[in-house]
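To start, the structure under review is shown below, and the notes come after it.
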Amino acid sequence: MTLADTTVVPESTAADRAIRLAEAGAAWGERIAADPRSAQLTYRVSGEGSGSVATVVRAGKHRFIVDEPAALAGDDVGASPVEYALGALISCQVVVYRLYAQALGIQVDDIRVEAEGDLDARKLFGIDESVRPGFTGVRLHVTIDGPETEQRYAELKAAVDEHCPVLDLFANPTPIAVEVSKA
Numbered sequence: 001m002t003l004a005d006t007t008v009v010p011e012s013t014a015a016d017r018a019i020r021l022a023e024a025g026a027a028w029g030e031r032i033a034a035d036p037r038s039a040q041l042t043y044r045v046s047g048e049g050s051g052s053v054a055t056v057v058r059a060g061k062h063r064f065i066v067d068e069p070a071a072l073a074g075d076d077v078g079a080s081p082v083e084y085a086l087g088a089l090i091s092c093q094v095v096v097y098r099l100y101a102q103a104l105g106i107q108v109d110d111i112r113v114e115a116e117g118d119l120d121a122r123k124l125f126g127i128d129e130s131v132r133p134g135f136t137g138v139r140l141h142v143t144i145d146g147p148e149t150e151q152r153y154a155e156l157k158a159a160v161d162e163h164c165p166v167l168d169l170f171a172n173p174t175p176i177a178v179e180v181s182k183a
């Protein structure tokens, strides 16, 4: 069982969602206008090894398990790290599509995003050092239900492509500093 099997996301009507998005946008706008430094956010997440190769991840009050299937030495008690990475991309897309649909006055009744990522496992296992260890390509398919024209949804896609933080993370290099210490 995964956590998603037991977690219930509260229902939200389009009107409720519009109010929440407008209020959040206005609040952030006011906060940043008052102090531009407040736009700089630092997210903190921690993880601890568990079982064979699983990780118990904590993000604020949330906890989830990341694992691998048996073929990759795991116990298959959670999605894999690369599946969570794709899930992060999908969920960020949903958030930013909703946010910019509201901002641009584009009606989105429902949204569904599917992702595929291609990974060559030879580098992971030290078989071929010339290949990349991460995704060599990622494809997203976004399906939007709503009354708008294709042109309006293309306008929305352009705004999302420009503003989605996790899409940016996938598409552009991000400096990463790794520090290892002995316990």
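Under this note's numbering, the residues of the sequence shown are numbered 1 to 183, in order.
Beta carbons are placed, not taken as given, at the ideal position from N, Cα and C, and that holds for glycine.
Assuming contact is defined by CB atoms lying nearer than 9 Å, are residue i and residue j in contact in what I supplied?
i    : j    : result
V113 : L140 : yes
A115 : L89  : yes
F135 : L124 : no
With DSSP as the reference, label residue i as helix, strand or coil.
i    : result
L99  : helix
I19  : helix
A79  : coil
A34  : helix
A54  : strand
M1   : Here the model assigns M1 a pLDDT of 45, short of 50, so the residue's position is not dependable, and the following value carries that caveat. Reduced to three states, the DSSP call for M1 is coil.
T174 : coil
L156 : helix
E162 : helix
So residue i packs on residue j, CB below 8 Å; how close in whole Å?
i   : j    : result
C92 : P36  : With 8 Å as the limit, C92 and P36 do not qualify as a contact, their Cβ atoms being about 23 Å apart.
V96 : H163 : 6 Å
G74 : S52  : 6 Å
V94 : S80  : Contact doesn't hold; Cβ gap of about 21 Å is too wide.
Where does the unbroken alpha helix (DSSP H) through residue i begin, and where does it stop?
i    : result
A115 : No alpha helix (DSSP H) contains A115, which is instead part of the beta strand (DSSP E) from D110 to L119.
V166 : P165 to A171
Span of the beta strand (DSSP E) holding residue i?
i    : result
V138 : F135 to D145
I106 : Careful: I106 lies outside any beta strand (DSSP E) and carries neither H nor E.
E48  : S46 to S50
List the DSSP bridge partners of residue i.
i   : result
A59 : H62
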